[in-house]
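Have a look at the structure below, then the notes.
Take a look at the structure:
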C-alpha cells in the first residue's frame, strides 16, 4: 500500500499531467505547430517517468524492504521477481 504522503505527491503529479494532456488536446484542436505538440508530449512522458520513479521508490522502500526483513524466502523471491519484471519493462526508456 502507498502511504498517504506518497499518494498525495503522486496524485498531485498525475493531476498536473492530466492538465498537460488537456493542453495538448487543445493544441491539436487549434492546429498548433507539430513540433510544439511533440515538445509537450515529451514533457508529459518525462512527467510520467517521474511518477513511475516515485512509486517504484516507495515500493522498494516499503514492500521490498519488508519482504527482505521478514525472512520469508518465498516473499523475498516474489518481490525480487517483481522488481526484475518492472526493470525489464522500463529499462529500455
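Residue numbers (my numbering): 1 to 93.
Here a beta-carbon is modelled for each residue, glycine too, at the ideal position from N, C-alpha and C.
As the structure is a prediction and not an experimental result, all values here were calculated from the model.
Using 10 angstroms around the beta-carbon of residue i, count the other beta-carbons present and answer buried if the total reaches 16, otherwise exposed.
i           : result
residue 67  : buried
residue 111 : The question about residue 111 has no answer, for the chain in this structure spans 1 to 93.
Could you give the C-beta distance for residue i and residue j, rounded to a whole number, given that I count them as a contact under 8 Å?
i          : j          : result
residue 40 : residue 60 : So it is not a contact: roughly 31 Å between Cβ atoms.
residue 21 : residue 44 : 6 Å
residue 50 : residue 13 : 7 Å
Secondary structure at residue i, three-state DSSP: helix, strand or coil?
i          : result
residue 60 : helix
residue 71 : coil
residue 31 : coil
residue 1  : coil
residue 91 : coil
Measuring straight from C-alpha to C-alpha, what distance separates residue i and residue j?
i          : j          : result
residue 27 : residue 16 : 17 Å
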